[in-house]
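To convert, take the position in the sequence shown, counting from 1, and add 3; that gives my numbering.
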Amino acid sequence: MTYYEQVMYVTVTIRLLAHASFQIKTETQNIYIDPSTKGTGLKKDDFAPADLILVTHGHEDHYDKDLIKKIRKLGKPIITSLFLKKKIKGIVWDVSPGEFMKIGDITIWAVPAYNVKRFRKPGKPFHPQGEGVGFIIKIEGMKIYHAGDTDLIPEMEQLPYDLDVALLPSGDTYTMDIPEAAEAAIQINPTVAIPMHLKGADPTPFKSTVEEKSSTKVVILAPGEEYTLE
């Protein structure tokens, strides 16, 4: 490898911390999506300081305010929905579905995330439309989609065709189940799909269905494991 190739060779690492909590790392950036210790077995000291924090919605297994207070670097922003922004102190930038923002070399789009068939009680979804978001993060030329807590929704048909990774909730009860998440992956057709928010569900059928019916590679991560994009 020449010196020039070494300089240009950049990797993006995606680490599943637990549940729907992910760390995205490059040589210069440490980003968290939905960092939380709630019900994960993780401690606050397991999280390195954050250059950027994204929060999809306000449920405590996605938004751990004490952890966020500890890991956010001075002057660094939190990006979340307008609904949750009102509850967070400090530098908070809101994005609504269809909007995007640039932070240095990173571009972040907000996309819809909500329930259409999973309800606390009739007419009251666990995740109402407008309260939460999903994110597409473009970093080092890679596009990573974190779907947030969502059902299979029509807006997924409008996602970019060139996603490198899709992080898809698959555990049922509050989000898509395994068959629905597989349908979403086939429809979105990312290069790689990673199931998350499993809540004990077996992701093996997700992998077999998606890989049989599409060109997408499925990577199953246990908490603490990571996948590197190159």
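All C-beta atoms in this analysis are idealised placements derived from N, C-alpha and C, irrespective of residue type, glycine included.
Bridge partners for Ala169 per DSSP, in chain order?
Counting from 1 along the sequence shown, the entry for residue 169 is found at position 166. Ala169 pairs with Tyr148, Ala196.
May I have a chain-ordered list of the beta strand (DSSP E) segments no shorter than 3 residues that lie completely inside the stretch 90 to 159?
95 to 97, 103 to 106, 109 to 115, 122 to 124, 136 to 142, 145 to 149
Quick one: residues in its chain with C-beta nearer than 7 Å to the C-beta of Asp97, no 5 flanking neighbours on either side, listed in chain order?
For the purposes of this step, residue 97 is taken as the residue at position 94 of the sequence shown. Here the set comprises Thr83, Ser84, Leu85, Lys88.
For Phe122, I'd like the list of residues in its chain whose CB is within less than 8 Å of its CB, leaving aside the five on either flank, ordered along the chain.
Counted from its first residue, the sequence shown places residue 122 at position 119. Excluding sequence neighbours, Phe122 sits near Pro128, Phe129.
At a Cβ threshold of 8 Å, is Thr31 touching chain C?
No chain C appears in this structure, which consists of one protein chain only.
Just the C-alpha distance for Leu20 and Pro125, rounded to the nearest angstrom, thanks.
Stepping through the sequence shown from its first residue, residue 20 is reached at position 17. Stepping through the sequence shown from its first residue, residue 125 is reached at position 122. Using only the alpha carbons, I get a separation of about 33 Å.
Taking the alpha carbon of Gly135 as the point to measure from, which residue in Leu155, Pro182, Glu143, Val114 has its own alpha carbon closest?
The residue given as residue 135 occupies position 132 in the sequence shown. For Gly135, the nearest C-alpha among the options comes from Val114.
Please report the Cβ distance between Glu2 and Asp205, rounded to the nearest whole angstrom; I am assuming they are in contact, meaning their Cβ atoms lie under 8 Å.
The shown model of the chain, from 4 to 233, leaves out residue 2, and the question about it has no answer.
Under 8 Å between the Cβ atoms of Lys76 and Asp54?
For the purposes of this step, residue 76 is identified with residue 73 of the sequence shown, where counting begins at 1. For the purposes of this step, residue 54 is identified with residue 51 of the sequence shown, where counting begins at 1. Yes.
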